[in-house]
Amino acid sequence: MTPPHGETRTAPPAPASSEDRDLQQRLIRDLDGEVAFDDYTRHLFSRDASMYSIMPRGVVFPRHTADVQATVVAAGEYGIPVLARGAGTSLAGQTVGPGLVLDFSRHMNRILDLDPEAGTALVEPGVVQDQLNRAAAEHGLMFGPDTSTSNRATIGGMIGNNSAGSGSLRYGMTIDHVRALDVVLSDGTTARLEPVDETERKRRADLPTLEGRLYRELPPLIRANADAINEGFPDFWRRACGYRLDRLAREDVPFDLAKFVVGSEGTLAIATQCLVDLVPKPRRTVIAVGHFTSVVSAIEATESALVCHPSAVELMDKTILDLSRQKIEYASLGAILQGDPEALLFVSFTGDDETELIDQLRQLTTAWKHQGHGYHTLQAVTPQQQSALMKVRKSSLGLLMAAGEGTRRPLAFVEDTAVDPLHLAEYTRRFKGILDEHGLSAGFYGHCSVGCLHIRPFVDLADPNQITVMRVVAERIKDLVTEYGGVNSSEHGDGLARSEFNREIFGDDLYEAMRAVKGLFDPHDRLNPGKIVDAPAMTENLRDPALPPAAELRTRLTFDVVGGMRGAADRCMNIGLCRKADTGAMCPSYMATRNEQDSTRGRANALVKALSEPDPRKALGDERLHEVLDLCLMCKACKSECPLGVDMATLKAEALSHHHDEHGVPLRSRIFGSIRFLNRLGSATAPLSNLPSRIGFLRRLMERFLGITAARPLPRFERLNLVRWFGRRGGKSRPGAAPQGTVTYLADSFTTYTEPTIGRAAVEMLEQAGWEVRLESRGCCGRSSLSKGLVDDANEKAFKLAHLLSETTPADSPIVGCEPSCLMTLRDEHRAMLPGDKAVEDISGRVRQVEELLVEAIDAGRIRLDPTSWLAGRRLLYHGHCHQKAEVGTAATMELLKRIPGVEVEELDAGCCGMAGSFGFEAEHYDVSMTVGDDRLFPAVKAEPEDTVIVATGVSCRQQIFHGTQRDAWHPVQLIREALLD
């Protein structure tokens, strides 16, 4: 990737110590994968979704098993640990540690074989659960364990953790679905772990290798500790704690080291290929959603639900429900719930016979009604009815995390206990009593069907007294769960949060046997040390106390959170939703590169590091930080899709402004920041201004000296732009019957000069709807300046436009436009640039989408559409603009399109188009831009028949669709004009 014009991209600095430099050079020499020892990469991998942080020595991105072997051997020679990592979403601190981190998610993410007849899949550890399920679904199969993080959780991580999920009542845990593992052992040798009979075990025991030692010495270790194994494990079956010696001790099954290392958190071996079982995928799912007046009453209804043989019973409390109502992403849930429940109980029934499933659903509804459980039961039978419900349920963790403020966060340290569901209601009451006793509040959600509730108390780790309280609560809950015969870790593992208590939980004899197991597999304690056995105190290595106080930094934009700009970045709790790859828009650059630094999480963590430096202003000008932020398209998807609302577009704009302070503003950034002036000039000089785009030599010069790619067509300027067209009408609007008042149409910087037919259609349709249209073309919203970090210039433009609109438009009259990026800037960024400005508050409150006014007019009969227009019988494929999705959603646009008689409308879930304004015109970003588009958008458009009408609200989206597919895309208002009944 070439550096942008006027800027330089430096190589990551070499490690400070000579030993680390030597190690880095050795790994670069021996590996095909990448190696990173710079401070920023190390910081990114020092965190996971837990409350812990440990700085690694370096990060390795292996491409194959030989890379893993070479890393383990080198680490052994240098005497440093190795830690295997998937998505880095561990909640107990399993995936942070010193030494070398192996990130399997970037390259080792292939499905190597899928055998439908055998019902197995051979995968690399970086394969994501949903990725495997999509491939398996083609054969009517799926991977049994169903985690809520299925869109980013890797199979390797699930094996390391022994993950379970909502379907564990029927499908058990990951340990039940692992058939064989190819692993690298602690000395760098490889082994195939699989079930073996006694003859094969003895043959392997004769090998003069570490593998041979395992097969020789584990059986006598098990025999010597038979009593401890029989008596020391908790009674409850759903266990993700300790080493599973109980599995090896069974005489009714073959000796199986593959299953034994499941749940060992990478402390015994590193898997490089995984043979897993698949199960038949149920064709249908129906869901009952019980509404309850308390969490305990919901839990008490679980027993009645279990009698009906569901596949899952899930709890969600009011804390999470209320948080979901604040997010556009989950807004549709509120419309289907009855009243204001304190808790919901989701009871799922899965199978192939819909009639049987509906009978089960009715049986449960009747039982609850007769037994007085809940006040309403919603029956969700179709996928459409279930969509909003399941979207929120799977996002419970992120939504709960969003309730944190500053360093007071809902923490995972007692969130993974499980008891027999028969005792769950009483257990939960006593659990809550302990929290109340210590003044802690918490969110409640989880798997009632298997007695597991994820209860996350709010704790401020920046307060030493709160750390003390956390530890006391952890010890009391550990004792409470033991009293009920339950488990302290039921699917999230031990990690740093719970390993300390394992001696007490398992007893001295069994714990010492586990230590002996670790010594057999890893004599030198190289593989993820300090997890499961010989762990530090749970209060060590805490993330928040380790951060130095933030130095004072004056920002141009307002960050209205505790801690200012650093607090805005540090809201990220690393749950990794930005690493999803097949739904939504967040995060397009990560979808293209699969590189941690190109995720919202990676950028947020990088900013936290920079803003924690003694001189954060200078740190924001750091070239390595600039490289991390570089591929952010500023699509704003993270603002709505990230449950914690990390707004990377705003953070990047601020960071870029400080980079410019340090290094000056590149010429290209000044050009793109002045796009309104240039587009107006281009329109005034058209058609001459369109010649450079047709002359290859000139385009090559533009690429060489300005960094504007020659591979992409430039917009075509129209001499008869929207302003001239409106002026030729005498500058006056021509409203139709039933006058509605005055509406101001914002003549944006793009369609006004390059696609004026869109503005004309909007003006004409608004007039048809009875509005007197006032065209405002005298200012710029500042969006283009802001995107290049020219915040002062954007601020000035925002002030002028906001005050112009406030002073020259009728009070309370709507302001509309057709370009979402410009219109939404008035609602969002203007407030961040000019907080408290009365004109800004006035205008932002009056912004409406043109689609809203047209829907109202059609429904009121002021606009009549022709049922025989050429659109009748056509299919409309709609792609929404990212800023529109982030700020207001696409519901209004979809409703408008559905009003066209005789059409079928489908909204694409194709993410960001990849164009992102100037991003796709920049030479060094062109390939990434096209990769983003080719991920889902281009294939979806290309798959449509010729007569399908492609629809897009954004100018960049329409440009990208045409460039990538050679299909023209219409703006919705153009289609309304086409369908108008004359």
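Numbering follows our numbering, with no gaps: position 639 of the sequence shown is 1804.
Note that CB positions come from ideal geometry on N, CA and C, so glycine has one too.
Asked	Found
Under the three-state DSSP convention, the category isoleucine 2115 falls into	strand
Short Cβ contact (9 Å threshold) for leucine 2030 with valine 2116	no
Leucine 1722 burial status per 10 Å Cβ neighbour count (16 or more: buried)	buried
Start-to-end residues for the beta strand (DSSP E) that takes in glutamine 2014	Run containing glutamine 2014: none; DSSP gives neither H nor E here.
Contact check, leucine 1999 vs alanine 1967, beta carbons under 9 Å	yes
Which listed residue (Glu1806, Ala1912, Arg1731) has its alpha carbon closest to that of alanine 2051	Glu1806
Supposed contact pair arginine 1833 and glycine 1872 - C-beta distance, whole angstroms, cut 8 Å	5 Å
Which of helix, strand or coil DSSP assigns to serine 1218	strand
Beta-carbon gap between valine 1237 and aspartate 1347 smaller than 9 Å	no
Segment limits, beta strand (DSSP E) that includes histidine 2044	2040-2044
Bridge-paired residues (DSSP) for aspartate 1311	Gly1330
First through last residue of the beta strand (DSSP E) which encompasses proline 1281	Looking at the DSSP string, proline 1281 is not in any beta strand (DSSP E), and its letter there is neither H nor E.
For glutamate 1363, three-class secondary structure by DSSP	helix
Which of helix, strand or coil DSSP assigns to isoleucine 2141	helix
Among Asn1395, Ile1276, Arg1186, the one whose alpha carbon lies nearest that of glutamate 1416	Asn1395
Host alpha helix (DSSP H) of aspartate 2007 (start-end)	2003-2009
Backbone secondary structure at arginine 1455 - three-state DSSP	Going by the sequence as given, residue 1455 is glycine instead of arginine. The answer is strand: DSSP assigns glycine 1455 an E or B state.
Nearest-angstrom Cβ-Cβ length linking glutamate 1937 and proline 1979, presumed shorter than 8 Å	That belief does not hold up - the Cβ atoms of glutamate 1937 and proline 1979 are roughly 12 Å apart, past 8 Å.
Beta carbon of glycine 1598 nearer than 9 Å to that of serine 1561	no
Spatial distance of phenylalanine 1425 from glycine 1571 (CA atoms)	41 Å
Check whether glutamate 1376 and arginine 1368 have beta carbons under 9 Å apart	no
Span separating the alpha-carbon of asparagine 1960 from that of glycine 1947	7 Å
Close beta carbons around isoleucine 1523, own chain, < 7 Å, minus the five adjacent residues each side	Val1451, Val1546
Proximity winner among His1825, Asp1232, Leu2146, relative to tryptophan 2035 (alpha-carbon distances)	Leu2146
At least 3 beta-carbon pairs within less than 8 Å: the segment 1712-1730 vs the segment 1671-1689	no
Cut-off 7 Å between Cβ atoms - residues of its own chain near serine 2009, not counting five sequence neighbours on either side	Leu1991, Arg1992, His1995, Arg1996
Limits of the unbroken beta strand (DSSP E) element including isoleucine 1620	1617-1625
Close beta carbons around phenylalanine 1420, own chain, < 6 Å, minus the five adjacent residues each side	Val1361, Arg1366
At least 3 beta-carbon pairs within less than 8 Å: the segment 1645-1664 vs the segment 1432-1447	no
Residue environment, valine 1637, which counts as buried when at least 16 other CB atoms sit within 10 Å	exposed
Backbone CA spacing between proline 1808 and glycine 1563 [nearest angstrom]	5 Å
At least 3 beta-carbon pairs within less than 8 Å: the segment 1451-1466 vs the segment 1572-1585	no
Buried/exposed call for histidine 2136, threshold 16 Cβ in 10 Å	buried
Rounded straight-line distance, which links the Cα of glycine 1650 to that of proline 1548	38 Å
Range of the contiguous alpha helix (DSSP H) that encloses glycine 1160	For the chain, the structure presents residues 1166 to 2147; residue 1160 sits outside this window and is missing.
Option nearest alanine 1508 by Cα separation, candidates Asp1487, Thr1458, Gln1544	Thr1458
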